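Going letter by letter, the sequence shown gives residues 189 to 318 in my numbering. Backbone N, C-alpha and C fix where the C-beta goes; we use that ideal spot for every residue, glycine too. None of the values given here were measured: they were computed from a predicted structure.
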Amino acid sequence: MNVPSKLTALAARLIGKNWAHESAEELAAALDKQIDQLREANMPEHLAGAASLTSAPAFQPGLVDLRGDIYDAAVYLDALTTSATATGNVDLVDALREAGEAAHELVARLAAAAHATIPAPAVPVTSRVA
């Protein structure tokens, strides 16, 4: 497999060219490698950062930032779906539409998680005198 460097791939994209895997096996290997590299590079940092969160409100800034990142990905998936529709590739359109819907669902779930960082108001307790 002839995989270009990130710089080579970027240069190609800047002049309107792109590079793609030619087989399902190559693509699967690249996707697995991507996850392995991200896990190795980011997991220790994420675990250390999460370990420092000691109260519900401390989670809020990260959740808000993450929601923004995921929303950006969801909008990008919507744009890809629109472009794929023009190609007539029904399988690609369906896969992108499902991915976009999942991303938008994740945006909503992250909003719910962010709201869960706000303490519920105390409910006053009254005693009834008969």
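For residue j and residue i, the rounded distance between their alpha carbons
| i | j | result |
| --- | --- | --- |
| GLU210 | ALA218 | 11 Å |
| ASN277 | THR270 | 11 Å |
| THR196 | VAL281 | 28 Å |
| GLY288 | TYR264 | 8 Å |
| MET189 | ARG201 | Low per-residue confidence applies at MET189: pLDDT is 49, beneath 50, and the placement is therefore not dependable enough to give any value. |
| ILE203 | LYS194 | 15 Å |
| ALA208 | ALA236 | 35 Å |
| SER240 | GLN225 | 24 Å |
| ASN206 | ASP266 | 20 Å |
| ASP220 | VAL311 | 50 Å |
| GLN222 | ASN230 | 12 Å |
CA nearest to the CA of residue i, picked from the options
| i | options | result |
| --- | --- | --- |
| ILE258 | ALA290, LEU280, ALA304 and GLU228 | ALA290 |
| PRO307 | THR196, ALA246 and ASP266 | ALA246 |
| GLU293 | GLU213, ALA261 and ALA199 | ALA261 |
| ARG285 | LEU298, LEU268, ALA274 and ALA296 | LEU268 |
| ALA296 | VAL313, ARG255, VAL311 and TYR264 | ARG255 |
DSSP state of residue i mapped onto helix, strand, coil
| i | result |
| --- | --- |
| LYS194 | helix |
| SER240 | coil |
| LYS221 | helix |
| HIS209 | coil |
| SER271 | helix |
| ARG316 | coil |
| PRO249 | helix |
| ASN230 | helix |
| GLY256 | helix |
Residue i vs residue j beta-carbon contact at 7 Å
| i | j | result |
| --- | --- | --- |
| LEU251 | ALA300 | no |
| GLN248 | THR314 | no |
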